[in-house]
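Following: one structure in structure tokens, then a few remarks.
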Amino acid sequence: MRKLPGTLMIILLAAFTISLSVNAEQAASGNTDVENSESENDDAEKTEKAEEAEEAKEAKEAIRTDINALIENAKELDGKEVTVQGEAIGERMDRGDYSWVNINDGTNAIGLWIEKSEAEKITCYGTYKFKGDMVHVTGIFYRACSEHGGEADLHGGSVVIAEEGYYVAEKIPFLKKISTAALAACGLVIAAVCLPVIRKRIDR
Amino acid sequence: MNQTEKKSYSLEIISYYTGYIVLISSSLMAIPALTSLMFKEWNPLLDFIISMTVSLAAGLALVMFGMRMKKEKPDVQWKHGFAVAALSWLILTVLCAMPYWLSGHMKSYLDACFDVMSGFTTTGVVLLQDLDHISNGLNMWRHILTFIGGQGMVVLALTFLVKETGGAYKMYVGEGKDIELVPNVKGTTRQIWKISMIYLLVGTAVLWVIGIAIGLKPVSAILHAIYIFESSWSTGGFAPNTQNIMYYHSLIYETAAMVIFILGSFNFGLHYAIWHGKRKEIIKNIETQSFFITSFLTVILALAGLARLNVYPDAVAGFRRVVFNVLSAHTTTGFGSIYARQFALEWGDFGIMIMVIAMLIGGSACSTAGGIKGLRVGIVCKGLIMDIKKLLSSERRMKVYKFHHIKDQILSEGAIKSAAIIIICYIATFGVGTLLGTYYGYPLADSAFESASITGNVGLSIGVTAPGMPAAMKVYYIIAMYLGRLEFLSVFALIGYLFGGVKKVCANYRER
């Protein structure tokens, strides 16, 4: 019986030691988890920050697109800053301190609402005889602009002339010149022969 | 006169008058040729000289073939009048497509014919490529085609008649016009041109002033004014640039164009009556009543539908876009103040359906507009009311029902039947077009929108009409535009005449 308390004490001590060691292990593992979770949190934060930075960069850079894609994705791109490049066509229409410039990128055409000083950078507009300046413009796209009665337009900030316009010289094919002359001559002969006959018959 | 001789004269009558119409219409190529000369556009100038020479030669050949008829002076029958109208439109489409084709802006000759038929029928859809770089000469030609098409090539040719001929009225009716402003046809056609030319002068001047005010250069402003007037008055819908009416970014320019196309969609008889002091005609006329009711309903319904979808940020924007586009559709003009794809992507099925209905109803009879026409819609609606009233009233009670169109007219069963037949023809043409569109894989709403636009000679597009669309659809659309503008009967008469001829040739061959 005397040995019982001692045995119990040893068992309790052992149990205590084991529990301590388990706790220590648990504590150790717990620390590792904390350390792991801390490092994971750091990674997530880094990723988020990187994503945010990328988004900010993208926003800063604006979305590069074509005019048809603007119309096709008008709801998604409404109010966003976009970059388009197209040929200035027709002519500039000044409205006070601002101007309307129409650009066509081959997929479609859209109106740019830009400051007159920016519009003045464009000197050549596309017509039958001219290839207009290729304009690189970054601006806010509006699907249904409330300032302009619901029109889909682009409020431009900066205009860069990517390529200058030029005069397109007409080339008349030799065959066309010859056939015009031949047909015109034939036409005159036919008219000279037929018209008196018709007039004579009508008179009869 | 035996049967063979009669047959031979029929051909000669048709040939002579068709040639005469071709000669007069082809002469108009002198205007774009002069425009090209003024702006030193040498390539287009040669294109027009080539096209005009070939067209005049073709016209002259037809006149020469039919000359024997002048000597014998046979009767011009209804079938001749209808066949002349239908055939001259076909021949002129092929001939007038030459400058388009020679310009190098068309993918194929079929596309060139498509654009010419679109112009003549005042539809306004285009397959022409790189519109922003076409010459002033070709732009002038496009808009002249739509202006002449609006009044009618037969009307133009009859204006130049030296003396009245018996068949003039038959040809005039064959082109889908039946109003008699003065007792003779020559006088009536001259009155139609007088009305159009006075509006041309006033409208062009107004648009020119507005054009300068919105920032166009004076020379450019006058060209744009001529183009937009011709297109608006004839309810055509062509514009000199890719963006159509959006090119100008101007409410006042849009409003001026809208007033002109509404005026253009009214019956020439109505213009004539108002000019001669009968101002009440605008309220009493069944066509104007029908137009105001259907316009009001379609605009309100479209506004409600788009407000539900929050398409436009505010009432002003919504009102400006919806009123312009719905009225452009209703008058069969086809000017678009939004992009074609915005109809499909933003207006929703309800908005598209409203546009389809507006496009099919169309403008007034004997105007420059297409579609079923307000007169027919009014007559059929009144006929329905008449039948209901007859059912509810005593059998012994006899009442004559009337409608007012320039003068009071009796609402007869025959008038209702004629109107209903044409409505059925329009619906059938629209149905086949929709079916064809869906066969080629276009969505139902898009196919229906485009088919209604083509059948009603409107010209608004949802994006289906493009140079890359199947050739079968291009051919069908050409036929539908042609049928819709000539209101079926002339084309049916020409087809019947051709079938009759083929049948006789076959019978003769069997006898041999």
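Protein chains in written order, with UniProt numbering: chain A, 1 to 204; chain B, 1 to 512.
We put the beta carbon where it would ideally sit given N, CA and C, even for glycine.
Note that the structure is a prediction, hence the values are computed from the model and not measured.
**Item:** chain A contacts from the stretch 290-323 of chain B (Cβ-Cβ distance under 8 angstroms)
**Value:** Going along the stretch 290-323 of chain B in chain order, one finds Val311, Tyr312, Pro313, Asp314, Val316, Ala317, Gly318, Arg320, Arg321 with a Cβ nearer than 8 angstroms to chain A.
**Message:** What ranges does the alpha helix (DSSP H) occupy inside the stretch 114-152 of chain A, keeping only unbroken runs of at least 4 residues that lie completely in it?
**Reply:** Correct list: 116-119.
**Request:** Name the one or two DSSP bridge partners that aspartate 94 of chain A has.
**Result:** Locating residue 94 of chain A in the first sequence gives position 94, where the first residue counts as 1. Per DSSP, A:Ser99.
**Prompt:** For serine 394 of chain B, does the count of other Cβ atoms within 10 angstroms reach 16, so buried, or fall short, so exposed?
**Reply:** Here the question's residue 394 of chain B lines up with position 394 in the second sequence. Result: exposed.
**Prompt:** Which residue from B:Arg512, B:Tyr248, B:Ala445 puts its Cα closest to that of phenylalanine 335 of chain B?
**Reply:** Against the second sequence, residue 335 of chain B aligns to sequence position 335. Selected option, being the one with the closest Cα: B:Tyr248.
**Message:** Given a cut-off of 8 angstroms on the beta-carbon distance, is the pair tyrosine 166 of chain A and lysine 131 of chain A in contact?
**Reply:** Along the first sequence, one-based indexing puts residue 166 of chain A at 166. Along the first sequence, one-based indexing puts residue 131 of chain A at 131. In this structure, lysine 131 of chain A lies closer than 8 angstroms to tyrosine 166 of chain A by Cβ.
**Asked** Can you find a CB in chain B that lies within less than 8 angstroms of the CB of isoleucine 114 of chain A?
**Response** As a working note, residue 114 of chain A is residue 114 in the first sequence. For isoleucine 114 of chain A, the answer is no, since every Cβ of chain B falls outside 8 angstroms of its Cβ.
**Prompt:** For histidine 105 of chain B, which option in B:His133, B:Ile91, B:Val94 has the closest C-alpha, if you only look at C-alpha atoms?
**Reply:** Numbered from its first residue, the second sequence carries residue 105 of chain B at position 105. Comparing Cα-Cα distances from histidine 105 of chain B to each of B:His133, B:Ile91, B:Val94, the minimum goes to B:His133.
**Message:** Going by DSSP in three states, arginine 397 of chain B sits in which element: helix, strand or coil?
**Reply:** In the second sequence, counting from the first residue as 1, residue 397 of chain B sits at position 397. Coil, per DSSP.
**Request:** Take aspartate 78 of chain A and list the residues in its own chain whose beta-carbon comes closer than 6 angstroms to its own, dropping the five residues that flank it on each side.
**Result:** For the purposes of this step, residue 78 of chain A is taken as the residue at position 78 of the first sequence. Result list for aspartate 78 of chain A: Arg143, in chain order.
**Whole alpha helix (DSSP H) elements within the stretch 276-344 of chain B, 4-residue minimum** = Counting only runs of 4 or more, we get 281-284, 286-308, 315-330.
**Prompt:** Just the Cα atoms here: how many angstroms apart are glycine 187 of chain B and lysine 284 of chain B?
**Reply:** The count along the second sequence starts at 1 and reaches residue 187 of chain B at position 187. The count along the second sequence starts at 1 and reaches residue 284 of chain B at position 284. Going by the C-alpha atoms only, they are around 26 angstroms apart.
**Prompt:** DSSP three-state call for serine 453 of chain B: helix, strand or coil?
**Reply:** Position 453 of the second sequence, counted from the start, is the residue given in the question as residue 453 of chain B. If DSSP states are grouped into helix, strand and coil, serine 453 of chain B belongs with the helices.
**Message:** Taking only three categories from DSSP, how would you classify proline 111 of chain A?
**Reply:** Locating residue 111 of chain A in the first sequence gives position 111, where the first residue counts as 1. A quick correction: the sequence has glycine, not proline, at residue 111 of chain A. Glycine 111 of chain A: strand per DSSP, three-state reduction.
**Message:** Just to check my reading of the structure: glycine 174 of chain B and phenylalanine 82 of chain B have Cβ atoms closer than 8 angstroms, yes? What is that Cβ distance to the nearest angstrom?
**Reply:** In the second sequence, the residue the question calls residue 174 of chain B occupies position 174. In the second sequence, the residue the question calls residue 82 of chain B occupies position 82. At roughly 4 angstroms, the Cβ-Cβ gap stays under 8 angstroms, so glycine 174 of chain B and phenylalanine 82 of chain B are in contact.
**Request:** Give the residues from the stretch 383-408 of chain B that approach chain A closer than 7 angstroms (Cβ to any Cβ), ordered along the chain.
**Result:** Against chain A - using a Cβ distance shorter than 7 angstroms - the stretch 383-408 of chain B contributes no residues.
**Prompt:** When the cut-off is 8 angstroms and only beta carbons count, does glycine 215 of chain B lie next to chain A?
**Reply:** For the purposes of this step, residue 215 of chain B is taken as the residue at position 215 of the second sequence. Taking 8 angstroms as the CB threshold, glycine 215 of chain B lines the interface with chain A.
**Item:** Contact residues within the stretch 143-155 of chain A, judged by C-beta distance below 9 angstroms to chain B
**Value:** So the list reads Arg143, Ala144, Cys145, Ser146, His148, Gly149, Gly150, Glu151, Ala152, Asp153, given in the order they occur along the chain.
**Request:** Whole angstroms is fine: what's the gap from glutamate 170 of chain A's alpha carbon to aspartate 133 of chain A's?
**Result:** In the first sequence, counting from the first residue as 1, residue 170 of chain A sits at position 170. In the first sequence, counting from the first residue as 1, residue 133 of chain A sits at position 133. In a straight line, the C-alpha of glutamate 170 of chain A is about 19 angstroms away from that of aspartate 133 of chain A.
**Asked** What's the C-alpha gap between leucine 62 of chain B and histidine 276 of chain B?
**Response** Locating residue 62 of chain B in the second sequence gives position 62, counting from the first residue. Locating residue 276 of chain B in the second sequence gives position 276, counting from the first residue. When rounded, the distance between both Cα atoms is 40 angstroms.
**Request:** Could you tell me which chain A residues have their CB closer than 9 angstroms to the CB of tyrosine 227 of chain B, listed as they occur along the chain?
**Result:** If you number the second sequence from 1, residue 227 of chain B lands on position 227. Within chain A, no residue has its CB atom less than 9 angstroms from the CB of tyrosine 227 of chain B, the nearest being about 12 angstroms off.
**Asked** So, do the stretch 253-261 of chain B and the stretch 349-359 of chain B have three or more beta carbon pairs nearer to each other than 8 angstroms?
**Response** The stretch 253-261 of chain B vs the stretch 349-359 of chain B: no contact.
**Request:** For the stretch 223-257 of chain B, enumerate the residues whose C-beta is nearer than 7 angstroms to any C-beta of chain A, in chain order.
**Result:** Listed by position, the residues of the stretch 223-257 of chain B near chain A (Cβ gap below 7 angstroms) are Asn241, Thr242, Gln243, Met246, Tyr247, His249, Leu251.
**Message:** serine 118 of chain B and glycine 459 of chain B - do their beta-carbons sit closer together than 8 angstroms?
**Reply:** Along the second sequence, read from residue 1 onward, the residue named residue 459 of chain B stands at position 459. Along the second sequence, read from residue 1 onward, the residue named residue 118 of chain B stands at position 118. Against a cut-off of 8 angstroms, the Cβ pair of serine 118 of chain B and glycine 459 of chain B comes out as a contact.
**Prompt:** Does glycine 187 of chain A get closer than 8 angstroms to chain B when you measure Cβ to Cβ?
**Reply:** Position 187 of the first sequence holds residue 187 of chain A. Answer yes: the Cβ-Cβ gap between glycine 187 of chain A and chain B drops below 8 angstroms somewhere.
**Request:** Kindly indicate if chain B contains any beta-carbon less than 8 angstroms away from that of arginine 199 of chain A.
**Result:** For the purposes of this step, residue 199 of chain A is identified with residue 199 of the first sequence, where counting begins at 1. Not an interface residue.
**Prompt:** In chain A, which residues lie less than 7 angstroms from residue 531 of chain B when you measure between Cβ atoms?
**Reply:** Because chain B here runs from 1 to 512, residue 531 of chain B falls outside it and cannot be looked at.
**Asked** Where are the beta strand (DSSP E) runs, 3 residues long or more, that stay fully inside the stretch 160-196 of chain A, in chain order?
**Response** Correct list: empty.
**Message:** On the DSSP letters alone, give me the boundaries of the beta strand (DSSP E) that isoleucine 379 of chain B sits inside.
**Reply:** As a working mapping, residue 379 of chain B is identified with position 379 in the second sequence. Per DSSP, isoleucine 379 of chain B lies in no beta strand (DSSP E); the unbroken alpha helix (DSSP H) holding it starts and ends at 374-392.
**Prompt:** Pick from A:Val84, A:Ala62, A:Gly90: whose alpha carbon is nearest that of threonine 123 of chain A?
**Reply:** The residue given as residue 123 of chain A occupies position 123 in the first sequence. Of the listed residues, the one whose Cα sits closest to threonine 123 of chain A is A:Gly90.
**Request:** Going by DSSP, name the residue or residues bridged to threonine 83 of chain A.
**Result:** Here residue 83 of chain A is taken as the residue at index 83 of the first sequence, counted from 1. According to DSSP, which records beta bridges pairwise, threonine 83 of chain A is partnered with A:Arg64, A:Thr138.
**Asked** How would you write the range of the alpha helix (DSSP H) that isoleucine 228 of chain B sits in, first residue to last?
**Response** Within the second sequence, the letter at position 228 stands for residue 228 of chain B. DSSP places isoleucine 228 of chain B in the uninterrupted alpha helix (DSSP H) bounded by 218-233.
**Message:** Could you tell me the alpha carbon to alpha carbon distance between leucine 444 of chain B and isoleucine 372 of chain B, rounded to whole angstroms?
**Reply:** For this step, residue 444 of chain B is matched to residue 444 along the second sequence. For this step, residue 372 of chain B is matched to residue 372 along the second sequence. Spanning the two alpha carbons is a distance of roughly 22 angstroms.
**Asked** With which residues is aspartate 408 of chain B paired in a DSSP beta bridge?
**Response** Against the second sequence, residue 408 of chain B aligns to sequence position 408. Answer is B:His404.
**Prompt:** Residues of chain B with CB under 7 angstroms from serine 179 of chain A, in chain order?
**Reply:** Counting from one through the first sequence, the residue named residue 179 of chain A turns up at place 179. Simply Ile50.
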